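Each position in the sequence shown, counted from 1, maps to that position plus 1 in our numbering.
Below is one structure, written out as structure tokens, with a few remarks after it.
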Amino acid sequence: MIPAGQAYWVPPAMPHGGALCAADGIKVYISTDLSRDFCPPVPLAFSVTPLLCAIMERWAEEASLGLPDRPLDRHRLALVSDEMTRAVTRPLILPMPAHVIMRAVMSEWARESEEQLSLDALAQRCRMSRRSFTRRFRSETGMAPGAWMQCARILRGCALMSEGISITETAYRLGYESPSSFFNLCRKMTGLSPSALFRSIDQGDA
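Put into structure tokens, the structure is as follows:
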């Protein structure tokens, strides 16, 4: 989940997926050669500054008019690259492990995120020792299992709120001891309170 006012960069040839629900946005495709020269080699999320917004809107306008690429684009890409690296943020992204069993277990848990599972229990479901599970999970997703599960809970929380469930009930359903714990984690990971994050999605701005 990428909050309102942010964008996400995915390098060429990297498998990925997502959904855009009733939201306005701009997609920019950059050739492999140009991205190799100017763009980060890893995925990242970043705040859309006024300069980035202006460049992307101009690209979208030129593409709609069928204008050919120009040398000026290399100068724009240099500016975009600089802005991207300066404005890196922390999106709500759930990278999935490549290991088949691990992917199945974590996908099933993420769909609910309400079951309280220890690290040992997850490792057992994946038929691994706790140490092997932790090491492999971090290697394949770039995240510690605990951080990944926190992210999944916030995503699940947004889904529950979309069903009309209050923030307080959502927090307790997700296993938090108090609504303030859910509030603080959401703000820490997205920069928004649960209600503000939900509004940005519900209004189609995220």
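Think of the CB as a built atom: it goes at the ideal place given N, C-alpha and C, for glycine as much as any other residue.
Computed from a predicted structure; not experimentally measured.
- Beta-carbon separation (whole angstroms), residue 85 vs residue 47, contact threshold 8 Å: About 5 Å separates the two Cβ atoms, so the contact holds.
- Message: Tell me which residue opens and which closes the beta strand (DSSP E) that residue 45 is part of.
- Response: Here the beta strand (DSSP E) through residue 45 covers 45-48.
- Item | Own chain residues within Cβ distance below 8 Å of residue 108, not counting five before or after | Around residue 108: 97.
- Do the region 120-132 and the region 185-192 meet, that is, are 3 or more Cβ pairs less than 8 Å apart? No, because fewer than three Cβ pairs between the region 120-132 and the region 185-192 fall closer than 8 Å, the two stretches do not touch.
- Drop a sphere of 10 angstroms on the beta-carbon of residue 165, count the other beta-carbons inside from all chains shown, and report buried for 16 or more, exposed for fewer. Exposed is the call here.
- Query: Is it the case that the Cβ atoms of residue 39 and residue 95 are separated by a distance below 8 Å?
  - Reply: Not a contact, by the Cβ cut-off of 8 Å.
- Task: Note the first and the last residue of the continuous beta strand (DSSP E) segment covering residue 151.
- Result: No beta strand (DSSP E) contains residue 151, which is instead part of the alpha helix (DSSP H) from 146-163.
- Item | Unbroken beta strand (DSSP E) run spanning residue 7, endpoints | Note, residue 7: beta strand (DSSP E), 7-10.
- Task: Return the residue from the list 193, 159, 103, 36 that minimises the CA-CA distance to residue 122.
- Result: Of 193, 159, 103, 36, the smallest CA-CA separation from residue 122 is found for 103.
- Distance, Cα to Cα, residue 198 vs residue 136? Cα atoms of residue 198 and residue 136: separation of roughly 32 Å, rounded to the nearest angstrom.
- Message: Using the three-state DSSP reduction, which class does residue 23 fall into: helix, strand or coil?
- Response: Because residue 23 sits at a pLDDT of 49, beneath the cut-off of 50, its placement in the model cannot be relied upon, and the point is left open.
- Message: Which same chain residues end up closer than 6 Å to residue 53 when comparing Cβ atoms and leaving out the 5 residues on each side of it in sequence?
- Response: 84, listed in sequence order.
- Task: State the DSSP-derived secondary structure class of residue 61, mapped to helix, strand or coil.
- Result: Of the three classes helix, strand and coil, the one that applies to residue 61 here is helix, per DSSP.
- Could you check if residue 151 is buried or exposed, using at least 16 other CB atoms within 10 Å of its CB as the buried criterion? Burial state of residue 151 is buried, judged by a 10 Å Cβ sphere holding 16 or more other Cβ atoms.
- Query: By DSSP, does residue 100 sit in helix, in strand, or in coil?
  - Reply: The DSSP-derived three-state label of residue 100 is coil.
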